[in-house]
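Numbering (our numbering), first residue to last: 1448 to 1707.
Below is one structure, written out as C-alpha cells; the observations come after it.
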C-alpha cells in the first residue's frame, strides 16, 4: 500500500505549503473545504512575505528561494577561486621549471637560485596548501627583482609580472568567496530558526487533510492528498498503483501563492 511522504526538507515543505494553499483557495471558491480557512490563512502568513511597519519580512518561501540563489553564488565564486588557484599553481610550477632549465643551460651562477629561495637543484618547493603556494609565488616574484639587480636576465615564459597577475587573481577570487558565503550562512541561520514553525504548519495542513478525507475511499483520498501537494511511495516488494510511480520525483521549487 502506498505510504504518504510528509515533506522533510525546507524546499519540499515550502513547495507543499504553496500547492496546498493554492489548491485550498481554488476549492474554497467552489464551495469545497478540505482545510479550514484559519489554517490556510496561518500557512499563507508564514509562507509569504509580510510587512511590519516599513520593513518587509521575508516569508518561508522567500528564505528558501534566497538560500537557493545564495548557494548558486557560492558555487560560482568557489569555482572561480579554484580556477584562479589552479592557474597560479601552474604558473609557479612553470616558473621554477623554466628557471632551473635556463640556469643549467646557460651555466648561470646558483646565486640566481638563491635569490628565488630555491635549492641548487632547482627543485619545486612544496605547494600542498594555498598558503605554501602563495608564499612560493611571492618569493619567486621578489627573487626575479633581486636577480635582475645582480645582473641576471629577467625571467620569461612566464615572467615575474605574469606570475604576479596570477597571484593577484587568486587572492582576489578567494576574497570574493567570503561575503557570499557569509550571506549563505545568514540565510541558513534564518531557515534554522524558521524550521520548527515550518514543521508545525506542514503538520497542521497534513492533519486537516487526513481528517477531512478519512471517510473517503482510500484511492480517492490519496488523489485529494496529491492535489494538495503530498506524494506517496511504494515500499520494496509492494505493487505500486497504476498512477503512482515507485520513486516519485522530488517536489518542484516553491512558488509563493498570492497573499489573502
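C-beta: ideal position from N, C-alpha, C; glycine also.
Setting aside the 5 residues that flank it on each side, residue 1562 is surrounded in the same chain by 1590, 1593, 1594, each with a C-beta closer than 6 angstroms to its C-beta; the list follows chain order. Short of 6 angstroms from the beta carbon of residue 1534, and not among the five residues preceding or following it, lie these beta carbons of its own chain, in chain order: 1613.
Bounds of the beta strand (DSSP E) holding residue 1504 are 1502 to 1504. In this structure residue 1544 is exposed. Its beta-carbon is surrounded by fewer than 16 other beta-carbon atoms within 10 angstroms.
Taking all protein chains shown into account, residue 1516 has fewer than 16 neighbouring C-beta atoms within 10 Å of its C-beta and is therefore exposed.
Looking at the DSSP output, residue 1451 bridges to 1679.
Shortest Cα-Cα distance from residue 1609 to any of 1632, 1584, 1625 involves 1584. Under the DSSP definition of a beta bridge, residue 1581 lacks any partner. Residue 1597 and residue 1553 have their alpha carbons spaced roughly 16 angstroms apart. Cβ-Cβ separation between residue 1486 and residue 1655: approximately 6 angstroms, consistent with a contact (criterion under 8 angstroms).
Excluding sequence positions up to five before and after residue 1551, its CB lies within less than 8 angstroms of the CB of 1569, all in the same chain and listed in chain order. Here the segment 1633 to 1653 makes contact with the segment 1508 to 1524; the two share three or more CB pairs at distances below 8 angstroms. Straight across, the Cα-Cα distance linking residue 1587 with residue 1644 is about 56 angstroms.
Uninterrupted beta strand (DSSP E) stretches at least 3 residues long and entirely within the segment 1604 to 1688 occur at 1678 to 1680, given in chain order. Counted as a single uninterrupted DSSP element, the beta strand (DSSP E) harbouring residue 1499 occupies residues 1497 to 1499. Comparing alpha-carbon positions, the option among 1648, 1682, 1660 lying closest to residue 1463 turns out to be 1648.
Here residue 1578 is exposed: its Cβ has fewer than 16 other Cβ atoms, across all protein chains shown, within 10 Å. Going by C-alpha positions, residue 1542 is about 16 angstroms away from residue 1557.
Counting C-beta pairs closer than 8 angstroms gives three or more between the segment 1663 to 1681 and the segment 1449 to 1456, which meets the contact rule.
Of 1476, 1502, 1506, the smallest CA-CA separation from residue 1460 is found for 1506. Closest by C-alpha distance to residue 1489, out of 1531, 1581, 1651, is 1651. Leaving aside the five residues that flank residue 1521 on each side, the residues in its chain whose CB is nearer than 8 angstroms to its CB run, in chain order, 1624, 1627, 1628, 1631. At a Cβ-Cβ threshold of 9 angstroms, residue 1673 and residue 1618 do not count as neighbours.
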